[in-house]
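K.L.:
Residue numbers (the working numbering), protein chains in the order written: chain C, 1 to 166; chain V, 167 to 729.
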Ligand SMILES: Cc1cc2nc3c(=O)[nH]c(=O)nc-3n(C[C@H](O)[C@H](O)[C@H](O)COP(=O)(O)OP(=O)(O)OC[C@H]3O[C@@H](n4cnc5c(N)ncnc54)[C@H](O)[C@@H]3O)c2cc1C
Ligand SMILES: Cc1ncc(C[n+]2csc(CCOP(=O)(O)OP(=O)(O)O)c2C)c(N)n1
């Protein structure tokens with residue numbers, strides 16, 4: 001069966017051991033979580049986790065059943081193949097020098113990225129976009145001297161609410 | 167009024183109708199044990215090792231259908247229960263394990279006898295709790311009992327810090343309304359109708375039942391169902407007892423050590439009705455060749471079991487009891503669902519297989535282990551509760567002791583835990599004081615929890631232990647014989663204690679039998695002797711369990727051994 005990237009949205013009780021339980025469900029079956037993003041929902045007692053993992057449909061279905069069986073899991077939605085918006089964000093710290101400063105600002109302007117902090121020697125660029133956009137951005141920035149970056153997991157939201165809790 | 171955490175604990179335990187605890191004290195549970203001192207209506211069994219406590223609670227749960235309760239101290243007390251927790255998890259047995267914990271203020275400090283037991287047992291409990299706030303205590307305990315028994319049962323652990331047991335809490339928290347809505351279940355009518363349609367079309371139907379029929383206490387409905395269809399029945403190891411072992415429709419266990427006719431039936435059936443089974447690899451062997459000609463109806467309460475290894479044509483996700491009730495009701499209105507004429511050839515074919523290769527073994531100079539079990543069956547008329555250890559002793563029991571009633575066969579199926587049988591027998595005897603409880607053991611396994619002899623003798627539990635003493639780790643030896651060129655690497659167990667003297671040292675009775683013609687008399691004497699009895703049968707050292715499906719082969723490719 002075809003291995004593909006899957007996006008899963010999970011609503012869980014916001015409790016200390018819940019992340020460990022979720023992570024254990026994956027690691028116990030030899031799955032690597034590619035990206036993860038977690039934060040509270042409208043209801044602060046409930047958190048939403050967006051996970052991306054690689055696997056075939058069969059194994060994804062098995063994992064989803066395992067997740068649904070857990071007591072602190074309220075809802076599991078497979079957003080894979082569904083009409084959903086997916087975004088990642090990245091903060092890139094660039095070394096700035098006399099030579100590349102103009103080109104760097106020009107590039108950032110062209111792509112409508114944002115400089116969120118700048119000092120004489122460094123600046124931090126914020127970029128939001130689809131996974132591919134982020135990859136492209138990194139490729140473009142690379143020759144200009146990336147010092148370090150932090151990249152979030154994918155966040156995703158279905159365009160339409162197909163079920164009660166979104 | 168204010169109560170201590172320990173007092174609240176007992177109050178809730180009583181609300182949950184707990185009257186039996188298997189446990190072992192230590193520093194962080196001293197407040198609980200001190201409170202226990204005041205509750206004569208709760209009987210505590212002091213084991214000799216915490217693994218004994220957890221297996222006893224397990225055996226108690228299986229024999230009684232109630233939740234088993236186990237209480238141990240923090241650190242080593244808690245870790246000693248882990249094997250037993252995993253064992254109960256694999257076999258879906260409802261147990262509540264209470265572990266002591268260091269005071270909340272010390273958690274995370276590598277305090278004396280601190281272990282992260284909720285972390286350790288996360289993958290092998292249905293759920294677990296660390297109670298940090300005394301206010302949550304009553305609620306958590308109630309929840310634990312609910313979770314252990316709801317849906318597919320399983321073990322639940324509650325970690326109880328010492329300061330929470332000492333804290334004073336308002337008694338009013340106890341009246342905090344706790345109600346658990348029953349899990350929503352999908353309607354089953356449509357799936358049941360589809361199932362009936364497949365049954366109607368089938369010419370070679372076979373019913374395969376498992377632990378789920380016993381866990382769901384649906385054996386009556388199940389028997390009615392099989393009878394109405396007049397359909398042959400096989401079962402997993404865990405399903406033994408759900409259907410009477412003496413019924414003409416009974417084919418015995420299937421799988422790696424299943425009967426020839428059960429494995430042939432499954433390999434040739436055109437319809438498999440699977441009830442409360444999880445298609446373990448010991449059952450399916452080579453998955454692609456399992457039930458190759460059959461459409462499959464799978465009834466299971468846990469969606470995780472459905473399509474896990476074997477894809478079903480019709481799956482019914484539900485407690486099996488209402489499903490069987492509904493099907494039975496429909497079948498009474500529609501008796502022509504499977505005209506008996508249609509399945510006549512199939513039943514004749516199965517009769518032929520039964521005739522051709524029955525379960526058998528060769529007699530010899532030495533005692534045959536199978537013969538000991540057959541004789542035990544004869545003497546107990548199949549009315550005893552039988553627990554087993556793990557290995558050949560377990561497989562021979564499954565093959566040669568036809569179980570009549572549910573919960574009379576108690577064995578470690580999923581984890582295959584050596585040392586389970588004896589403490590489980592203790593638990594079963596506590597649950598059913600009037601019944602005869604026998605542990606069928608190997609000489610290797612029995613040494614894994616032999617210390618519980620003291621427990622059995624102390625509480626005057628008349629458990630009978632039948633050791634099939636072959637001087638080997640028999641099951642492993644059998645694999646070495648068949649697959650590793652007879653290189654018996656580290657499976658010689660002939661250096662063993664004198665089990666008769668050992669029994670006597672513990673204050674039990676010990677009997678030894680070395681000749682086939684003395685087997686019956688020894689068993690009779692052992693069963694008739696009051697109190698705990700150990701019977702040491704010196705059996706043929708290199709006997710094998712057959713039939714056997716070698717790993718990787720299909721169920722129809724059985725080795726039948728020497729017949
Ligand atoms: C040495 C050794 C050899 C073995 N050889 C064999 C062998 O040859 N053949 C064999 O069969 N086994 C064998 N076993 C046992 C095997 O490992 C498994 O434990 C066993 O096959 C599992 O049985 P089961 O499918 O009935 O599932 P169980 O583990 O009993 O699980 C019960 C199933 O029923 C479901 N269920 C629970 N409650 C309900 C309910 N109320 N309604 C509906 N469904 C419910 C659960 O979700 C689960 O899917 C062996 C074990 C050992 C240690
Ligand atoms: C705790 C544990 N350790 C190891 C094993 C592996 N194992 C399975 S069967 C077996 C041999 C059991 O020997 P014995 O109790 O003498 O029984 P027999 O097979 O001879 O009847 C072993 C070592 C196990 N199942 N459980």
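Idealized CB from N, CA, C, for every residue including glycine.
Beta carbon of residue 585 of chain V: closer than 7 Å to some heavy atom of ligand 2?
P.N.:
By 1-based counting over the second chain, the position of residue 585 of chain V is 419. Result yes, Cβ under 7 Å from ligand 2.
K.L.:
Is residue 643 of chain V near ligand 4, in the sense that its beta carbon is under 7 Å from a heavy atom of that ligand?
P.N.:
Of the ligands this structure carries, namely ligand 1 and ligand 2, none is ligand 4.
K.L.:
Report yes or no: do three or more beta-carbon pairs, one from the segment 144-154 of chain C and one from the segment 84-102 of chain C, lie closer than 8 Å?
P.N.:
Short answer: they touch.
K.L.:
Would you call the segment 152-160 of chain C and the segment 194-210 of chain V touching, i.e. three or more CB-CB distances under 8 Å?
P.N.:
Output reads no: the segment 194-210 of chain V does not touch the segment 152-160 of chain C.
K.L.:
Thinking C-beta only, is residue 404 of chain V closer than 8 Å to residue 579 of chain V?
P.N.:
Here residue 579 of chain V refers to the residue found at position 413 of the second chain. Here residue 404 of chain V refers to the residue found at position 238 of the second chain. Yes, these two residues count as a Cβ contact at 8 Å.
K.L.:
Do the segment 29-43 of chain C and the segment 91-111 of chain C meet, that is, are 3 or more Cβ pairs less than 8 Å apart?
P.N.:
They do not touch, by the three-pair rule.
K.L.:
Would you list the residues sitting across from residue 730 of chain V in a DSSP beta bridge?
P.N.:
This structure cannot speak to residue 730 of chain V, because chain V is shown only from 167 to 729.
K.L.:
Per DSSP, what kind of secondary structure is residue 29 of chain C in: helix, strand or coil?
P.N.:
Locating residue 29 of chain C in the first chain gives position 29, counting from the first residue. Three-state result, residue 29 of chain C: coil.
K.L.:
Who are the Cβ neighbours of residue 716 of chain V in its own chain at under 8 Å, not counting the five residues just before and after it?
P.N.:
Start at 1 with the first residue of the second chain, and residue 716 of chain V comes out as number 550. So the list reads 648, 649, 723, 725, once near-sequence residues are dropped.
K.L.:
Please identify the residue among V:620, V:619, V:659, V:621 whose C-alpha is closest to the C-alpha of residue 637 of chain V.
P.N.:
Counting from 1 along the second chain, the entry for residue 637 of chain V is found at position 471. Minimum Cα distance to residue 637 of chain V is reached at V:659.
K.L.:
Could you check which residue in V:434, V:401, V:430 has the C-alpha nearest to that of residue 444 of chain V?
P.N.:
Here residue 444 of chain V refers to the residue found at position 278 when the second chain is read from its first residue. Closest option to residue 444 of chain V, Cα to Cα, is V:401.
K.L.:
Would you kindly check if the distance between the Cβ of residue 240 of chain V and the Cβ of residue 279 of chain V is under 8 Å?
P.N.:
Here residue 279 of chain V is taken as the residue at index 113 of the second chain, counted from 1. Here residue 240 of chain V is taken as the residue at index 74 of the second chain, counted from 1. Result yes, Cβ atoms of residue 279 of chain V and residue 240 of chain V sit closer than 8 Å.
K.L.:
Measuring only from the beta carbon, is residue 176 of chain V closer than 7 Å to any heavy atom that is part of ligand 2?
P.N.:
What you label residue 176 of chain V is simply residue 10 of the second chain in a count that begins at 1. Outside the cutoff, so no.
K.L.:
Cβ of residue 71 of chain C less than 8 Å from any chain V Cβ?
P.N.:
Taking the first chain and counting its residues from 1, one reaches residue 71 of chain C at position 71. It does; some Cβ of chain V falls within 8 Å.
K.L.:
Quick one: Cα of residue 129 of chain C to Cα of residue 274 of chain V, how far?
P.N.:
The count along the first chain starts at 1 and reaches residue 129 of chain C at position 129. The count along the second chain starts at 1 and reaches residue 274 of chain V at position 108. Their backbone Cα atoms lie some 40 Å apart in a straight line.
K.L.:
How long is the line joining the alpha carbons of residue 703 of chain V and residue 687 of chain V, rounded to whole angstroms?
P.N.:
Mapped onto the second chain, residue 703 of chain V falls at position 537. Mapped onto the second chain, residue 687 of chain V falls at position 521. Approximately 12 Å, taken between the alpha carbons.
K.L.:
Roughly how many angstroms separate the alpha carbons of residue 711 of chain V and residue 76 of chain C, rounded to a whole number?
P.N.:
For the purposes of this step, residue 711 of chain V is identified with residue 545 of the second chain, where counting begins at 1. For the purposes of this step, residue 76 of chain C is identified with residue 76 of the first chain, where counting begins at 1. So the alpha carbons of these two residues sit roughly 46 Å apart.
K.L.:
Identify whether residue 342 of chain V lies in helix, strand or coil by the three-state DSSP scheme.
P.N.:
The residue labelled residue 342 of chain V in the question sits at position 176 within the second chain. Confidence is the limiting factor: at residue 342 of chain V the pLDDT is only 48, short of 50, which leaves the residue's position unreliable and the question unanswerable from this model.
K.L.:
For residue 395 of chain V, which option in V:513, V:379, V:298, V:553 has the closest C-alpha, if you only look at C-alpha atoms?
P.N.:
Walking along the second chain from the start, residue 395 of chain V turns up at place 229. Taking only the C-alpha atoms, the option nearest residue 395 of chain V is V:513.
K.L.:
Let me confirm a value: residue 615 of chain V is counted as buried when at least 16 other C-beta atoms fall within 10 Å, else exposed. Which label applies?
P.N.:
For the purposes of this step, residue 615 of chain V is taken as residue 449 along the second chain, with counting starting at 1. Per the 10 Å Cβ criterion, buried.
K.L.:
Under a Cβ-count criterion, where at least 16 other Cβ atoms within 10 Å of its own Cβ denotes burial, should residue 567 of chain V be classed as buried or exposed?
P.N.:
Your numbering for residue 567 of chain V matches position 401 in the second chain. Label assigned to residue 567 of chain V: buried.
K.L.:
Would you check if the segment 352-368 of chain V and the segment 423-434 of chain V touch, i.e. whether three or more CB-CB distances between them fall below 8 Å?
P.N.:
The answer is no - the segment 352-368 of chain V does not touch the segment 423-434 of chain V, with fewer than three Cβ pairs under 8 Å.
K.L.:
May I ask you to list the residues that DSSP assigns as paired with residue 472 of chain V?
P.N.:
The residue you call residue 472 of chain V lines up with position 306 of the second chain. Looking at the DSSP assignment, residue 472 of chain V forms no beta bridge with any residue, so it has no partner.
K.L.:
Please classify residue 674 of chain V as buried or exposed, where buried requires at least 16 other C-beta atoms within 10 Å of its C-beta.
P.N.:
Working through the second chain from its first residue, we reach residue 674 of chain V at position 508. Answer is buried; the Cβ neighbour count reaches 16.
K.L.:
Report yes or no: is there a C-beta of chain C within less than 8 Å of the C-beta of residue 293 of chain V?
P.N.:
As a position in the second chain, residue 293 of chain V is number 127, starting the count at 1. Yes, residue 293 of chain V counts as interfacial toward chain C.
K.L.:
Starting from the beta carbon of residue 288 of chain V, find every residue of chain C whose beta carbon is closer than 8 Å, and list them in chain order.
P.N.:
The residue labelled residue 288 of chain V in the question sits at position 122 within the second chain. Neighbours of residue 288 of chain V on chain C, chain order: 17, 20, 21, 24.
K.L.:
Answer yes or no: do residue 442 of chain V and residue 375 of chain V have a C-beta to C-beta separation smaller than 8 Å?
P.N.:
Start at 1 with the first residue of the second chain, and residue 442 of chain V comes out as number 276. Start at 1 with the first residue of the second chain, and residue 375 of chain V comes out as number 209. Yes, the pair counts as a contact, with Cβ atoms nearer than the cut-off.
K.L.:
For residue 172 of chain C, return the contacting residues in chain V, with the cut-off set at a CB-CB distance below 8 Å.
P.N.:
Because chain C is modelled from 1 through 166, residue 172 of chain C falls outside the range shown and cannot be assessed.
K.L.:
Could you please tell me which residues of the segment 308-324 of chain V, in chain order, have their CB closer than 8 Å to any CB of chain C?
P.N.:
Listed in sequence order: 313.
K.L.:
Opposite residue 321 of chain V in the DSSP bridges: which residues?
P.N.:
Your numbering for residue 321 of chain V matches position 155 in the second chain. Residue 321 of chain V pairs with V:261.
K.L.:
Between residue 468 of chain V and ligand 1, is there a pair consisting of the residue's CB and a ligand heavy atom that are separated by less than 7 Å?
P.N.:
Reading the second chain from its first residue, position 302 is the one you call residue 468 of chain V. Checking every heavy atom of ligand 1 against the Cβ of residue 468 of chain V, one is found closer than 7 Å.
K.L.:
Could you tell me which of C:122, C:73, C:54, C:44 sits nearest to residue 5 of chain C, measuring between CA atoms?
P.N.:
Indexing the first chain from 1 puts residue 5 of chain C at position 5. Of the candidates C:122, C:73, C:54, C:44, the one whose C-alpha sits nearest the C-alpha of residue 5 of chain C is C:54.
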